[in-house]
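>
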Amino acid sequence: MNSLATQLNRLDLDRIRGYQRLLDFYHGQHWEGRERRGERRLTFNYARTFIDKLTSYLMSGITFAVEAAEDSDKARLRAQRVRRPLNAV
Numbered sequence: 010m011n012s013l014a015t016q017l018n019r020l021d022l023d024r025i026r027g028y029q030r031l032l033d034f035y036h037g038q039h040w041e042g043r044e045r046r047g048e049r050r051l052t053f054n055y056a057r058t059f060i061d062k063l064t065s066y067l068m069s070g071i072t073f074a075v076e077a078a079e080d081s082d083k084a085r086l087r088a089q090r091v092r093r094p095l096n097a098v
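Residues 10 to 98 (our numbering) are what the sequence shown spells out, left to right.
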């Protein structure tokens, strides 16, 4: 049982390291090691541009519907007050 727990822990660490590498790449850290004196490293981060554009496309137009709990002006007003901050997110 202990070896299974150890193996799962190692796999989890590998997965988290992979996520960190991808996040570093997204933030423009594409180069391994430090640059040498006088070396210029240009980075064109098309991956970040693509991900940001795709995310904005997929997430645009999302709204929340909040129905009034009962058929009264007070309940409709309350539902409207709840809906506004949700749509602002």
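Note that CB positions come from ideal geometry on N, CA and C, so glycine has one too.
Rounded to whole angstroms, how far is the Cβ of L95 from the Cβ of F59, which I believe are closer than 8 angstroms?
Residue numbering aside, residue 95 sits at position 86 when the sequence shown is read from its first letter. Residue numbering aside, residue 59 sits at position 50 when the sequence shown is read from its first letter. So it is not a contact: roughly 29 angstroms between Cβ atoms.
> Where does F53 sit, in a helix, a strand or coil, going by DSSP?
The residue labelled residue 53 in the question sits at position 44 within the sequence shown. The answer is coil: DSSP assigns F53 none of H, G, I, E or B.
> Distance, Cα to Cα, R19 vs R26?
As a working note, residue 19 is residue 10 in the sequence shown. As a working note, residue 26 is residue 17 in the sequence shown. If I take the Cα positions, the gap works out to 11 angstroms.
> Is the region 32–44 in contact with the region 52–66, if contact means three or more CB pairs nearer than 8 angstroms?
Because the criterion of three Cβ pairs below 8 angstroms is met, the region 32–44 and the region 52–66 touch.
> Taking the alpha carbon of L32 as the reference point, which residue from R46, E44, S81, D61 has its own alpha carbon closest?
Counting from one through the sequence shown, the residue named residue 32 turns up at place 23. Minimum Cα distance to L32 is reached at D61.
> In the DSSP assignment, find the unbroken alpha helix (DSSP H) run with T15 in it and report its ends.
For the purposes of this step, residue 15 is taken as residue 6 along the sequence shown, with counting starting at 1. Element bounds for T15: 11–35.
> For I71, name the three-state secondary structure that DSSP assigns.
Walking along the sequence shown from the start, residue 71 turns up at place 62. Coil at I71, not helix or strand.
> Per DSSP, what kind of secondary structure is R46 in: helix, strand or coil?
Mapped onto the sequence shown, residue 46 falls at position 37. Here R46 sits in coil by DSSP.
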